[in-house]
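To start, the structure itself, in C-alpha cells.
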Amino acid sequence: MTTNLSTKHLRAFSALAQERNFTRAAERCHLSQPAFSALMNGLEDLAGARLFHRTTRAVELTKEGQVFEATVARLLEDFEDAFGELRAHAQLRKGRVTIAALPTVAGGELPADIARFLAQYPGIDVVLRDLTADSCLDVVRSRQADFALSAAVEPGPDLISEPLLRDRFHLVCRDDHPLAKRRHLKMKDIMELPQIRFEQTSSIRQHVDAAFYPAQPVTAFQVNQLVTAAGLVGAGLGVTLVPTLALFQFRMSGLVSIPVDLPLKDRELCLIRQRDSSDSVAVKAFVSVLRESLRPTSTSTRMNRPLGTDKSRF
2 MTTNLSTKHL
12 RAFSALAQER
22 NFTRAAERCH
32 LSQPAFSALM
42 NGLEDLAGAR
52 LFHRTTRAVE
62 LTKEGQVFEA
72 TVARLLEDFE
82 DAFGELRAHA
92 QLRKGRVTIA
102 ALPTVAGGEL
112 PADIARFLAQ
122 YPGIDVVLRD
132 LTADSCLDVV
142 RSRQADFALS
152 AAVEPGPDLI
162 SEPLLRDRFH
172 LVCRDDHPLA
182 KRRHLKMKDI
192 MELPQIRFEQ
202 TSSIRQHVDA
212 AFYPAQPVTA
222 FQVNQLVTAA
232 GLVGAGLGVT
242 LVPTLALFQF
252 RMSGLVSIPV
262 DLPLKDRELC
272 LIRQRDSSDS
282 VAVKAFVSVL
292 RESLRPTSTS
302 TRMNRPLGTD
312 KSRF
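Under the numbering used here, the first residue of the sequence shown carries the number 2, and numbering increases by one thereafter.
Encoded structure:
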C-alpha cells in the first residue's frame, strides 16, 4: 500500500524528536505552529499510531516513535546523499563519459579535447576505448560506450550518425620516391604502386578498397597498426594511403604526404550513438566540446608536407 509520506513529514518528525518542543521544531522547519501541528497529525494518521506523547510540560517519543526515529534518521541521510550525488552530476562535479573511437582519432584529435574537457570539469571520469569501426558500433549498441567517433557507415535503425568533419586521403611515401614532389595525385598515379595495407576490419582499408573497386591495390604488406605501416614506408618497402587524421602516426624524418583525389567523397568522421539514448549532463557537455573542436569542414588543406617536422594538429 502506498502513502503520501514525504520528506517534509520526515524532517518535521526529526525536528520534533530532537527539540521535544512544538514551537522550536516549527521554527526549525520554517512553519507556523498550527501548520507544523497539522503536519505531525497527518503523519500520525498515515502511521496509524501515536508517535509523540504530549503533556503540558514536555513532548516525548512513544515506543512506536522511538522505533520510527532510527529509521527516519537513516532515510534522511540516504536522501541527502542521493540528492547530493544527483546535484553533483547535474552540476558536472561528478559523472562519467565513455568514448569509443577509431585509433586515428583516439591518438590524434581526441586527447587534446579530453584534456580541455577535464581542465573544465575535473570531477568527471572519461574512459576512452580505441577500437575498429565495427567494434565501435558494437560497444555503442551494447551501451558499453556513450557514443563512438568512427568513420561514416550505415549504422542501422538503432543508431544515429552525425557527421563532424570530412577527412581526405593522402599518399605517404619517402621523400626520395618518384612521386614525392607532386602536389596532387590521382588514382591513375597510384594504381600500380606496392602498398602497405591494413586489415579488412580497418575503416581505412574499407574506404581504400571501395575507391579501387573493382580493381585491387597491389599489396606489399598487410598490417594492423599505423605505426607499423610508417616503419615499412620509411624503410622503402611500399607506400600507404591514409586519411589526414592518421598522419600524426607518420611523423618520421624522410616521409611526405600528398593529397590523393579518390573517386569517392572524402571520408567522414561521425558521432554515433543509440537512437533512443538520453545523454547524461556530462555526455552532453563533452559532445559540445567535440562539436566546437571538430567543426564540419574538410581537413585536406595540406599538400606535399614533410611529415617529420609536421607539428600541426590534424
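Each residue gets a CB set at the ideal place from its N, CA and C atoms; glycine is no exception.
Item	Value
Could you compute how far the alpha carbon of L246 sits from the alpha carbon of K95?	31 Å
Under three-state DSSP, which class holds T300?	Residue confidence is low: T300 scores 43 on pLDDT, short of 50, so the model does not pin down where it sits. Its coordinate-derived value is still stated next. Coil at T300, not helix or strand.
Classify L186 as buried or exposed, calling it buried when 16 or more other Cβ atoms lie within 10 Å of its own Cβ.	buried
Whole beta strand (DSSP E) runs in the stretch 137-223 with 3 or more residues, listed along the chain?	148-152, 160-168, 170-175, 195-199
When we look at the beta-carbon of P260 and count the other beta-carbons within 10 Å, is it buried (16 or more) or exposed?	buried
What three-state label does DSSP hand E45 in the structure shown?	helix
Where do the ends of the beta strand (DSSP E) carrying S289 lie?	Looking at the DSSP string, S289 is not in any beta strand (DSSP E); the run it does join, the alpha helix (DSSP H), is 282-294.
Look up S258 in the DSSP assignment and say whether it is helix, strand or coil.	strand
Helix, strand or coil for P35 per DSSP?	helix
I'd like to check one pair, I197 with V141: are the Cβ atoms closer than 8 Å?	no
For K9 and F80, what's the separation of their Cα atoms in angstroms?	12 Å
Measuring alpha carbon to alpha carbon, tell me which residue in P112, D131, F53 is nearest E65.	F53
Closest to S258 by CA distance: which of H208, F170, L238, V106 is it?	F170
In terms of alpha-carbon separation, which member of V68, L272, I161, A107 lies closest to S319?	A query on residue 319 cannot be resolved here, the shown segment of the chain reaching from 2 to 315 and no further.
For M41, count neighbouring C-beta atoms within 10 Å of its own C-beta (all shown protein chains included) and say buried if the count is 16 or more, exposed if not.	buried
Out of curiosity, what's the CA-to-CA distance linking I205 and F199?	7 Å
Reducing DSSP to helix, strand and coil, say where P316 ends up.	With the chain covering only 2 through 315, there is no way to say anything about residue 316.
Measuring only the C-alpha atoms, how far is A102 from P123?	21 Å
Please report the distance separating the alpha-carbon of L6 from that of L132.	50 Å
Between the Cα of Q207 and those of R75, V154, E293, V219, spot the shortest distance and give me the residue it belongs to.	V154
Leaving out five residues on either side along the sequence, give the residues of the same chain with a beta carbon under 7 Å from the beta carbon of L11.	V73, L76, L77
Closest to I125 by C-alpha separation, out of F287, R292, L291, would be which residue?	F287
In this structure, what does DSSP give as the bridge partners for P244?	F170
In terms of residues, what are the limits of the beta strand (DSSP E) holding F53?	53-55
With burial defined as no fewer than 16 other Cβ atoms inside 10 Å of the residue's Cβ, what is the status of E110: buried or exposed?	buried
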